[in-house]
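> Using numbering that gives the first Met the number 0, read the sequence shown as starting at 0 and increasing by one per residue. Input: one structure, supplied below.
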Amino acid sequence: MKPKLGGLKHATITVPTLTGYINATATPTRLEVNVPCNSAAKLCLPRSTADTAQRIAKGAGLANDEEKPVHTELLLDGATVESAVDGGHLCTHDSVAVGEDGPTHQPVEQLAGLRSMPDLHVVRPADANETAVAWADAIAHYGPTVLVLSRQDVRVVTNGSAAITGAGIVGEVDDDPEAIIIGTGSEVALCVDAAEVLKAAGRKVRVVSMPSWDRFRAQPAEFRYAVLPAGVPTVSVEAGSTFGWHEWSDRQIGIDRFGASAPGDVALDRLGINVDAVVAAVHDVLGVAS
0 MKPKLGGLKH
10 ATITVPTLTG
20 YINATATPTR
30 LEVNVPCNSA
40 AKLCLPRSTA
50 DTAQRIAKGA
60 GLANDEEKPV
70 HTELLLDGAT
80 VESAVDGGHL
90 CTHDSVAVGE
100 DGPTHQPVEQ
110 LAGLRSMPDL
120 HVVRPADANE
130 TAVAWADAIA
140 HYGPTVLVLS
150 RQDVRVVTNG
160 SAAITGAGIV
170 GEVDDDPEAI
180 IIGTGSEVAL
190 CVDAAEVLKA
200 AGRKVRVVSM
210 PSWDRFRAQP
220 AEFRYAVLPA
230 GVPTVSVEAG
240 STFGWHEWSD
250 RQIGIDRFGA
260 SAPGDVALDR
270 LGINVDAVVA
280 AVHDVLGVAS
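The following block contains the structure:
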C-alpha cells in the first residue's frame, strides 16, 4: 500500500501497548502517536504488526478500506523505481509464520533483497510499539520507506525506541553481557524467551531488537558499540534468509530454504526458529555445553 504522505496534517492514533504511553511526533507533517495501555489488565492483546500499522494508517488518513498491505514480493519493482524519491509501503507476509499458504506466500528471501536496495529505508518492527514509532519516523524521513510486517499476533516486548535508532536494547543484564541475541520483527519476543531460559541457567545475555539495519548503520560508532560491544559474541535470529547477517552477528539462526505448508507455529519450529535453537546457539558461541 502506498501511503498518501502529502495529505497528512495532524493526527492522533490509538493502538494498544504493554508499556504505557508513546508520544512520537514527526515534522514537517507532524504525526503524533499516543499509545495508551490497558491500565486495568496491564497487558494488551497480542496484535500483528500489520494490523497495528493499518490501524495507524487509517487513523491518520494515510489509507482507506480498499488499501491493504501488500505481499513483500509484489513490492520490489515499485520500490526500485522509488528508491530516489519520497514514498512508503506497508508489506506483510514477512515470514513462514503465515502458515498453510506455503512457500509461495513465505518470502524468506525478499527482506535481504529490500535491504540491499540503495537508499531504501527498511524497517521490520517487533511489535505494536515499534510499529507506531516506525510510522511516525517514516513520515519524517525524506526518502522511500518499507515497513515489513507480520500477519501473526505478537506480544509487546519493546518500548519502540529502536525504530528510531535502528537497534536498541530490549533485555539487559546487571553486569556486562556474556553474549547478545539480536532479533527482528516477531522473533524479538522469541529472543526474550530464550534469554530468560539462559538467565535461569546462569548466563548473562542481552537482547537487542534491530528493526532497521540501514538506520543502525548510520548511527555514530559510539552508539553502535554501546549496543553491540566489541568482543561480545552475538547470535542473530530472523525467520528469513541469513544473507547479510554476518555484518552484525557471529552466529545466524534463519531460514536458508523455501518454507513449508503447515500451521505457522509448526512451520517456525520445524524450520529451527524456536527457543531451543537460540539457547543452543548462544551456548555454542560461548563454548559451553547446552
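Using N, Cα and C, we set each Cβ at its ideal position, and we do this for glycine too.
Leaving out five residues on either side along the sequence, give the residues of the same chain with a beta carbon under 8 angstroms from the beta carbon of Leu-189.
Gly-182, Val-236, Ile-272, Asn-273, Val-274 and Val-277
> According to DSSP, which residues form a beta bridge with Arg-250?
Val-234
> Could you tell me which of Val-147, Asn-128, His-140 and Val-204 sits nearest to Ala-111, measuring between CA atoms?
If we check each option's Cα against that of Ala-111, Val-147 comes out closest.
> Where does Ile-272 sit, in a helix, a strand or coil, going by DSSP?
Residue state for Ile-272 is assigned as coil, using DSSP reduced to three classes.
> Please confirm if the stretch 262-271 is in contact with the stretch 123-134, defined as three or more CB-CB distances below 8 angstroms between the two stretches.
no
> What's the call for Leu-123, buried or exposed, on a 16-neighbour Cβ count within 10 Å?
First, the residue type needs correcting, since residue 123 is Arg and not Leu in the sequence shown. Per the 10 Å Cβ criterion, buried.
> Three or more C-beta pairs closer than 8 angstroms, one from the stretch 194-204 and one from the stretch 158-166: is that the case here?
The stretch 194-204 makes no contact with the stretch 158-166; the number of CB pairs closer than 8 angstroms stays below 3.
> Could you pull out every unbroken alpha helix (DSSP H) segment of at least 4 residues lying fully inside the stretch 125-213, listed in chain order?
127-139, 161-164 and 186-199
> Buried or exposed, going by whether 16 or more other CB atoms sit within 10 Å of the CB of Gly-286?
exposed
> Taking the C-alpha atoms as reference points, what is the distance between Ala-225 and Glu-171?
12 angstroms
> Grouping DSSP H, G and I as helix and E and B as strand, with all else coil, what is Pro-45?
Bear in mind that the predicted position of Pro-45 carries a pLDDT of just 45, short of 50, making it unreliable; the figure below should be weighed with that in mind. It is coil, neither helix nor strand.
> For Leu-227, which of helix, strand or coil comes out of DSSP?
Residue state for Leu-227 is assigned as coil, using DSSP reduced to three classes.
> Report yes if the CB atom of Val-107 is closer than 7 angstroms to the CB atom of Gly-239, and no otherwise.
yes
> Quick one: grab the DSSP three-state call for Arg-256.
coil
> Contact defined as beta carbons within less than 8 angstroms: I believe Ala-259 pairs with Leu-270. What is the distance between those atoms, to the nearest angstrom?
7 angstroms
> Quick one: using the 10 Å Cβ neighbour count with 16 as the cut-off for buried, is Arg-256 buried or exposed?
exposed
> Between the C-alpha atoms of Gly-184 and Ser-149, what's the straight-line distance to the nearest angstrom?
When the Cα atoms are used, Gly-184 and Ser-149 turn out to be separated by approximately 7 angstroms.
> Are Lys-203 and Pro-232 close, meaning C-beta to C-beta below 7 angstroms?
no
> Tell me the DSSP secondary structure of Phe-222 in three-state form.
helix
> According to the Cβ coordinates, are Ala-125 and Val-207 closer than 7 angstroms?
Contact flag unset, no.
> With Ser-115 as the anchor, note down where its alpha helix (DSSP H) starts and where it stops.
Here the alpha helix (DSSP H) through Ser-115 covers 109-115.
> Rounded to whole angstroms, what's the CA-CA distance from Gly-230 to Ala-178? Just pull it up for me.
Pairing Gly-230 with Ala-178, the inter-Cα distance amounts to about 9 angstroms.
> Identify, in the order they occur along the chain, each residue of the same chain with its Cβ nearer than 8 angstroms to the Cβ of Leu-114, setting aside the five sequence neighbours on each side.
Residue identity differs from the one stated: residue 114 is Arg in this sequence, not Leu. Here the set comprises Val-121, Trp-212, Asp-213 and Gly-243.
> Between which residues of its own chain and Val-284 is the CB-CB distance below 7 angstroms, once the five residues before and five after are set aside?
Ala-178, Pro-232, Val-234, Asp-249 and Arg-250
> Could you check the C-alpha separation between Val-145 and Glu-221 for me, to the nearest Å?
27 angstroms
> Counting only beta-carbon atoms, is Asp-136 nearer than 7 angstroms to chain D?
Any reference to chain D falls outside this structure, which holds one protein chain only.
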